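Remarks on the structure that follows.
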Amino acid sequence: MSDSTTVANGEMADAPDARVETHAAHPPYQRHHFESVAQQFDATNFAMWLFLLTEIMFFGGLFTAYLIMRNWYYPAFVEGSHHLSIFWGTSNTAVLITSSFTMAMGVWCAQMRRKGGLVLCLSLTLFLGFVFLCIKGIEWHGEWVDQHVPGLRFTDVDFLHPSMDAEVYKEYQDAPLAPGMAQKTEQYFFLYFAMTGMHALHMVVGISILIFMLFRAIQGAYTEGHFTYVENFGLYWHFVDIIWIFLFPLLYLVSRHAK
Amino acid sequence: MSAATIVTLPDQSTARIPRMNFLTKENGLLSWLLTGDHKRIATLYLISITFFFFIGGSLAALIRMELLTPQTDLMAADTYNKVFSMHGLIMVFFFLVPSVPATLGNFLMPMMVGAKDLALPKINLLSWYLYIIAGGLMIYTMAAGGVDTGWTFTTPLSTHYLNTNVVPAVLAVFIAGFSSIFTGLNFIVTIHKMRCPGMTWFRLPLFVWSNYAASILMVLGTPVLAITLVLVALEHLAHIGVFDPTYGGDPLLFQHLFWFYSHPAVYIMILPGFGVISEVVSTFSRKRVFGYTAVAFSSVAIAVFGFFVWAHHMFIMGISNYAALVFSLLTMLVAVPSAIKIFNWAFTLYKGSITFETPMLYSIGFMGLFTIGGMTGVFLGSTGTDIHLTETYFVVAHFHFVMVGGMLMAFLSGIHFWWPKWTGRMYPEKISQFAAVTTYIGFNLTFFPQFILGMLGMPRRYAAYPPEFQVLNVFSTAGATVLGVGYLLPVLYLTWSLKYGAIAGNNPWQATGLEWQTQSPPLTENFPETPIMDHEAYDYEWLERQQAREVASVG
Amino acid sequence: MTTEAEAHATEHHIVSPKLYLGIFAALLVLTATTVAASYVDLYVFNVVVALAIAVLKASLVVLFFMHVKYSPKLTKLTVISGLFIFLGLLSMTLADYMSRAWGRW
Chain A
597 MSDSTTVANG
607 EMADAPDARV
617 ETHAAHPPYQ
627 RHHFESVAQQ
637 FDATNFAMWL
647 FLLTEIMFFG
657 GLFTAYLIMR
667 NWYYPAFVEG
677 SHHLSIFWGT
687 SNTAVLITSS
697 FTMAMGVWCA
707 QMRRKGGLVL
717 CLSLTLFLGF
727 VFLCIKGIEW
737 HGEWVDQHVP
747 GLRFTDVDFL
757 HPSMDAEVYK
767 EYQDAPLAPG
777 MAQKTEQYFF
787 LYFAMTGMHA
797 LHMVVGISIL
807 IFMLFRAIQG
817 AYTEGHFTYV
827 ENFGLYWHFV
837 DIIWIFLFPL
847 LYLVSRHAK
Chain B
-16 MSAATIVTLP
-6 DQSTARIPRM
4 NFLTKENGLL
14 SWLLTGDHKR
24 IATLYLISIT
34 FFFFIGGSLA
44 ALIRMELLTP
54 QTDLMAADTY
64 NKVFSMHGLI
74 MVFFFLVPSV
84 PATLGNFLMP
94 MMVGAKDLAL
104 PKINLLSWYL
114 YIIAGGLMIY
124 TMAAGGVDTG
134 WTFTTPLSTH
144 YLNTNVVPAV
154 LAVFIAGFSS
164 IFTGLNFIVT
174 IHKMRCPGMT
184 WFRLPLFVWS
194 NYAASILMVL
204 GTPVLAITLV
214 LVALEHLAHI
224 GVFDPTYGGD
234 PLLFQHLFWF
244 YSHPAVYIMI
254 LPGFGVISEV
264 VSTFSRKRVF
274 GYTAVAFSSV
284 AIAVFGFFVW
294 AHHMFIMGIS
304 NYAALVFSLL
314 TMLVAVPSAI
324 KIFNWAFTLY
334 KGSITFETPM
344 LYSIGFMGLF
354 TIGGMTGVFL
364 GSTGTDIHLT
374 ETYFVVAHFH
384 FVMVGGMLMA
394 FLSGIHFWWP
404 KWTGRMYPEK
414 ISQFAAVTTY
424 IGFNLTFFPQ
434 FILGMLGMPR
444 RYAAYPPEFQ
454 VLNVFSTAGA
464 TVLGVGYLLP
474 VLYLTWSLKY
484 GAIAGNNPWQ
494 ATGLEWQTQS
504 PPLTENFPET
514 PIMDHEAYDY
524 EWLERQQARE
534 VASVG
Chain C
-11 MTTEAEAHAT
-1 EHHIVSPKLY
9 LGIFAALLVL
19 TATTVAASYV
29 DLYVFNVVVA
39 LAIAVLKASL
49 VVLFFMHVKY
59 SPKLTKLTVI
69 SGLFIFLGLL
79 SMTLADYMSR
89 AWGRW
């Protein structure tokens, strides 16, 4: 969260004498309002967990909307999901899980004070994050081409006449939907874009922080015994992974056999 | 008022404000805008929310003026819709939600737990900046023509019609929500991790407990509002979504998600007020709060129950009768911890040495008005009476009794109570007592008639009404004028007191909290050295012993 | 300074890379399983299996990658309270939807 090495020197300079002494005994990364490094670690770690708590509820609203809408417009949601690519979805899941693993290893490297290892792990995580976004981009592009982008470029013709999309039809033999229900596939894609979009936004934020961390790690900032920042960022990254772990089956998998 | 007072001020001829304090430490605008000091951020917040309070207040004045006559003569009906919507939005998200936590809470929380600062000072500053950005957007919304959806952004009104500024308003509330999340998060971390040696959970002042409960609600509830508003904005822009029936959405889903936050939000607004009342009532009756543990846990109970009652806002919207039954029952449960608090404060007063300084006057006003507000809430929580009363002025009166009569009274009580700590100077006593009484009278005159109007069936949110309701509306508008005077006075005399108020000394009220044991205004790091809590909260005998020892050692 | 930092570091349980590798492998296997399961027609149980595996995967990430297994009670409580409130939102909302028309869905 807060960058601990930037202890305000100005504040220290004119503090009463007694304080200066205790300040001097602090490691440079301990911020002045904490009594000890352990307290600082505990506090920032707990703060990160609380932030993730808000994130659970943030995505929780989306999942609730998805659940209700899927039950309301079940056929539309089923046939809508048949137009997603399980291949890309699975690949992306694997990519994200791998990035979680490299991130966890990054935390381990920071704990063990291995600078080279940390830099490598962070670079790999960063790279995998980009790969994830690229694959997501390929998928979104596919939806744009198929005219499945609600509000911008959408037609329900694929659901009124499923045989028009030969590839999907070959696999699923979807029955044509009634016009009213076919229209509701737009709901599915609205939620699909809202959910994957929100997730991707979190990835973008994570990647930005990763780039910043990579520079700091090269300078050796996290391998001097102060790994709080890496640990906390790791929590965020794993959380984003967990969201995808749920999005993947809900959006791609559960409707494969449903009629 | 009684002549008795507990105020003990230092000798005014020799007393000085401490030269070194958090206000004088650094100078210049930048030292304020880049500060990490919780007390300075609290000051920034105090100025900002006062600004928004008066914008919201002016809008309220416009509403009351329009309602003076049955016809729509002051403004057109659609203008009226925008005025009450903006009034609600500004008052809820830019005054009530941040009022006590972001100002008094920010100022006091670290001192009460014996810490140097909140756990995350930069996040705290970020929260203020988010508030300001959100506030700017809200002002922009207003300048661009306002929103007419009501503060609830009711779909499909907010998603279907393009003639109002829903998107900037939604964005403003979204950002303000994150400001409040960060404040809540900071408080929870501070209370868990930053307590000084000896400060156990049951030695914490009740102000800390109630802010803790409110913070839990902020952290868990606000994100649901945030994602709901994102969906509203997307729906408004893309013309497809999950809330608008013409697109196949469900407006009730919006209501569920919206009230999942906005009902707990009511407790976000009122719980910190409870904390203020606990401190003030104890100090001015010179007694430990009766049933400390019960009061502490009732805050947490309100927070927990508060999450499972939201659908009582939706009884007439077509939710299932069975669900209505369950939600109605759960709503009754919330009345229990609220009543525990009121009874415990009453028992604290019983046989106490009560004095009637301004904070106490406001607190007593709070207890009366909040009780009325809470009891009428029970009417509204019963499914049967709710059908008759909801969407009438009865509801308006009910939540104004809780929010204005309750929360605003508590806020003013707290501001007066901690003003000497904050600025080092006392506010003028007589005129502030006058202001407190004026507020009380003005408030009752404004909102009590609205209960009757609601019972008679006057619907809310209309610019015009049948002529037979005029008498009560005139009462209400007259009361609003008195209330306006009551709110303007503190601004004037508190500003005056910044330069001319009497020097307060460390502990003018003889209060026991840790914040009173340090200098006023406090040092940047609050205490010269980390305090050690060696007594229970509200231990007035400890305070006497402490003072006797000081006299002895000085003598 | 160093000693304090070291003492601090040893306070935290450091998960070994071997365990991380094991969890990573388990997550990949579970991903493969959930995809494979979706190709088998299990009627209503497709959803159940998919969600059960997702919960299992998420638990592995939370417990080991996020160190909750070795964390203080407070962290565990935070995770649980998040789930509790989320389930509250879900179940109470569903309670309305489901009882609005008993038996129709």
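Residue numbers (the working numbering), protein chains in the order written: chain A, 597 to 855; chain B, -16 to 538; chain C, -11 to 93.
Built from N, CA and C at the ideal position, the CB exists for glycine as well.
Computed from a prediction, not measured in an experiment: that's the story for all the values here.
Own chain, CB closer than 7 angstroms to residue i, minus 5 neighbours either side, in chain order
i: B:D61; result: D131
i: B:V172; result: A102 and L103
i: A:F844; result: G685 and T689
i: A:L718; result: G702, L806, M809, L810 and A813
i: B:M300; result: L235 and Q238
Beta carbon of residue i nearer than 9 angstroms to that of residue j
i: B:V420; j: C:A83; result: no
i: B:L189; j: B:S82; result: no
i: B:A102; j: A:A643; result: yes
i: B:G488; j: B:G462; result: no
i: B:V149; j: B:H222; result: no
i: B:P403; j: B:W492; result: yes
i: B:F298; j: B:S281; result: no
i: B:L240; j: A:A790; result: no
i: B:I337; j: B:F267; result: yes
i: A:H822; j: A:A700; result: no
i: B:M94; j: B:I174; result: no
i: B:E519; j: B:R47; result: no
i: B:L203; j: C:G10; result: no
i: A:T721; j: A:T698; result: yes
i: A:L692; j: A:F728; result: yes
i: B:L541; j: B:F243; result: In this structure chain B extends from -16 to 538, so residue 541 of chain B is not present and cannot be described.
Option in the options with minimal Cα separation from residue i
i: A:F829; options: A:M791, A:I803 and A:Q635; result: A:I803
i: A:V850; options: C:A38, C:A13, C:V17 and C:V28; result: C:A38
i: B:A380; options: B:L344, B:L254, B:W401 and B:M441; result: B:M441
i: C:T19; options: A:L846, A:L847, A:I841 and A:H853; result: A:I841
i: A:H628; options: B:N509, B:L497 and B:H518; result: B:N509
i: A:T686; options: C:S87, C:V17 and C:V35; result: C:V17
i: B:P206; options: A:A634, A:L658, A:E631 and A:P624; result: A:L658
i: B:A18; options: B:T359, B:S110 and B:G301; result: The residue you asked about is not Ala; residue 18 of chain B is Thr in the sequence shown. Out of B:T359, B:S110 and B:G301, B:S110 has the C-alpha closest to the C-alpha of B:T18.
i: B:F237; options: B:T229, B:V225 and B:H246; result: B:V225
Partners in chain B for residue i, counting only beta-carbon separations shorter than 7 angstroms
i: C:M80; result: F291
i: C:G10; result: Residues of chain B passing the Cβ test: none, with the nearest at roughly 32 angstroms.
i: C:I73; result: L203 and F290
Residues near residue i by beta carbon distance below 8 angstroms, same chain, minus five either side
i: B:F349; result: G256, I260, G388, G389, M392, A393 and S396
Proximal chain A residues relative to residue i, where beta-carbon distance stays under 7 angstroms
i: B:V172; result: A639, F642, A643 and L646
i: C:I68; result: Here the premise fails: no neighbours, minimum Cβ distance about 10 angstroms.
Residues near residue i in its chain [Cβ-Cβ closer than 6 angstroms; skip 5 each side]
i: A:T618; result: Low local confidence applies: a pLDDT of 46 at A:T618 is under 50, so the model's placement there is unreliable, and no value is given.
i: B:T507; result: F5, K8 and D20
i: B:F76; result: V156 and A159
i: B:H383; result: F430
i: B:M121; result: A155
i: B:S162; result: S110, L113 and Y114
Residue i: contacting residues in chain A (beta-carbon distance under 8 angstroms)
i: B:P151; result: Here the premise fails: no neighbours, minimum Cβ distance about 19 angstroms.
i: C:Y58; result: Under the 8 angstroms cutoff, chain A gives no residues; its nearest Cβ is about 12 angstroms from C:Y58.
i: C:K6; result: Correct list: empty, because the minimum Cβ distance to chain A is about 11 angstroms.
i: B:A98; result: H629
Partner residues on chain C for residue i, Cβ-Cβ distance less than 7 angstroms
i: B:S303; result: D84, S87 and R88
i: A:V850; result: N34, V35 and A38
Contact list for residue i against chain A, beta-carbon separation under 9 angstroms
i: B:L236; result: T660, A661, I664 and M665
Amino acids of chain C, ordered along the chain, whose beta-carbon sits closer than 8 angstroms to that of residue i
i: B:A541; result: Because chain B in this structure spans residues -16 to 538, residue 541 of chain B falls outside the shown range and cannot be described.
Cross-chain neighbours of residue i in chain C, by beta carbon under 9 angstroms
i: B:F241; result: Ordered by position in chain C, no residue passes the 9 angstroms Cβ test against B:F241, which lies about 12 angstroms from the chain.
i: A:L649; result: T66, V67, S69, G70 and I73
Which ranges does the beta strand (DSSP E) cover as unbroken runs of at least 3 residues, wholly within the region 20 to 79 of chain B, from first to last along the chain?
-> Counting only runs of at least 3 residues, the region 20 to 79 of chain B fully encloses no beta strand (DSSP E) element at all.
Mind listing, in chain order, the continuous alpha helix (DSSP H) runs of no fewer than 4 residues lying wholly within the region 186 to 272 of chain B?
-> The qualifying runs are 189 to 221 and 234 to 268.
For the region 143 to 175 of chain B, list the beta strand (DSSP E) runs that are entirely contained and at least 3 residues long, ordered along the chain.
-> With a minimum length of 3 residues, no continuous beta strand (DSSP E) run stays inside the region 143 to 175 of chain B.
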